[in-house]
Amino acid sequence: MSAVTERGHTPSWPSLYNPGREILHIEHKPPTQPGGAYLYHASDVFRFTLYWTLIFYTPIFLFCGLYAFWNYTFPPKLRSSRPQDDENLLSTMPKSPPSLPTLRPVPSLRSTIPPKANERRSRLAFAILVLLTFLSLSVAGSVIGSAILGFSLFGLYKSANFNMSTWIPFLLAVIQVVVGLLSIWPSIIDII
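Per the numbering used here, the sequence shown starts with residue 7, numbered consecutively.
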């Protein structure tokens, strides 16, 4: 990381360096800065983007998967209506004429029917399947997103004859995770 990477040499991952070298005071300087690390092969751009995406993407999916696992393993208890609440509610209502019958809440059919046991899978097995699904989707999303973004941006840089800094895959991964969070979070919360 102390010297500029040669065109044939792949820097070791992560090879991040001070980005100020390429942002501040760059007038009349060469396109590759001393102390910078650059990527010149499509496979390297994909690999760097994949590593960063896995680092940022997997913990978020793991958190959501653990949340779903916890909810399937230990479902929330049903709230039971207490008779005191019903009496307080009825006492604040205006009195009806005595000729009308008193309204009583109808008992819920849901509370009288016992839950059916799952003959095929236990609740824990289903929760583990949900967790593994979240983890496998995070890896699949990382691979697909890294391939699309990494190869597309490499083609763009190659056609413009630019030098790709090792910061670009890092930023691609951050953008991919933020867009993924914006698109998946509301729907997962509704499903869970």
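From the three backbone atoms N, C-alpha and C, an ideal C-beta is built for every residue, glycine too. Just so you know, these numbers come straight off a predicted model, no measurement behind them.
Contact between Tyr73 and Gly42 is absent: CB atoms are separated by about 41 angstroms, not below the 8 angstroms threshold. In the structure shown, Ser21 adopts coil according to DSSP, grouped into three states.
Taking C-beta atoms as the reference points, Ser171 and Tyr44 count as a pair closer than 8 angstroms.
In this structure, the beta-carbon distance from Val136 to Gly71 falls below 8 angstroms. In terms of CA proximity to Phe62, Val184 leads the group Val184, Arg27, Phe52, Lys164. Nearest to Thr79 by alpha-carbon distance, out of Leu155, Ile134, Gln39, is Ile134. For Tyr44, the three-state secondary structure derived from DSSP is strand. The secondary-structure analysis by DSSP pairs Ser171 across a beta bridge with Tyr44. Residue state for Pro65 is assigned as helix, using DSSP reduced to three classes. Taking 8 angstroms as the cut-off, the beta carbon of Ser152 is found closer than this to the beta carbon of Thr59.
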